[in-house]
Amino acid sequence: MAQIIDVGRSTASTGSQTLSIPILSPAQNLMLAEFGLATVLNGDVLLNATIGFQTTVGIPSVVFTIYRDGQPIFNVGSSGLAVLAIQPITISFLDLNVPVGYHAYTLGVANNSLNILLNAASVTGPVTFSGVSTG
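The following block contains the structure:
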């Protein structure tokens, strides 16, 4: 049976429409939340995130990325809805066989649209990111 080794979390906002942070181009990846976790031999980390984003112009294509120690380990894309519609995104990812040690987990977002001037979005909240290390 697996044991809980460590728990981490980062909460920038818990409510909808509590933030207004523009989502920029892929070259300008916006880091939304970060925390650290300890892991053991043959350990896994269950990561969960909830992010609200809002279309401000057009139909933006955004990419949410989870990083371990600065390296991308998972990403998921989403397209915006109608202008000013708020879309909640929920992400769950199991990072398997994480090397032993202490690791920084980061949640980022970037606008992956061909023309970000005509397809814009912003993070509106909530923004929560958490992880549980097991071994």
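For the sequence shown, position 117 (counting from the first letter as 1) is numbered 109 according to the working numbering, and the numbering increases by one without interruption. No residue lacks a Cβ here, since even glycine has one placed at the ideal position from N, Cα and C.
query, result
"C-alpha gap between Ile108 and Ala41, whole angstroms", "24 Å"
"Cβ pair Gly35, Val55 closer than 9 Å", "no"
"Straight-line Cα distance separating Met(-7) from Ala19", "42 Å"
"Cβ distance (whole Å) where Ala96 is taken to contact Leu16 below 8 Å", "Incorrect: roughly 22 Å between the Cβ atoms, too far for contact."
"Three-state secondary structure (DSSP) of Ala19", "helix"
"Sufficient close CB pairs (3 or more, under 8 Å) joining the stretch 117 to 124 to the stretch 20 to 32", "yes"
"Segment limits, beta strand (DSSP E) that includes Asp87", "78 to 90"
"Reduced DSSP secondary structure (H/G/I, E/B, other) of Leu110", "coil"
"Cβ distance (whole Å) where Val115 is taken to contact Leu11 below 8 Å", "6 Å"
"Rounded separation between Pro91 and Gly62 - CA only", "14 Å"
"Three-state class that DSSP yields for Pro52 in the structure shown", "coil"
"Cβ neighbour criterion (16 or more within 10 Å) applied to Gln46", "buried"
"CB contact flag (Ile58, Asn67, <9 Å)", "yes"
"Contact set for Leu33: own chain, Cβ-Cβ below 8 Å, skip 5 residues either direction", "Val92, Gly127"
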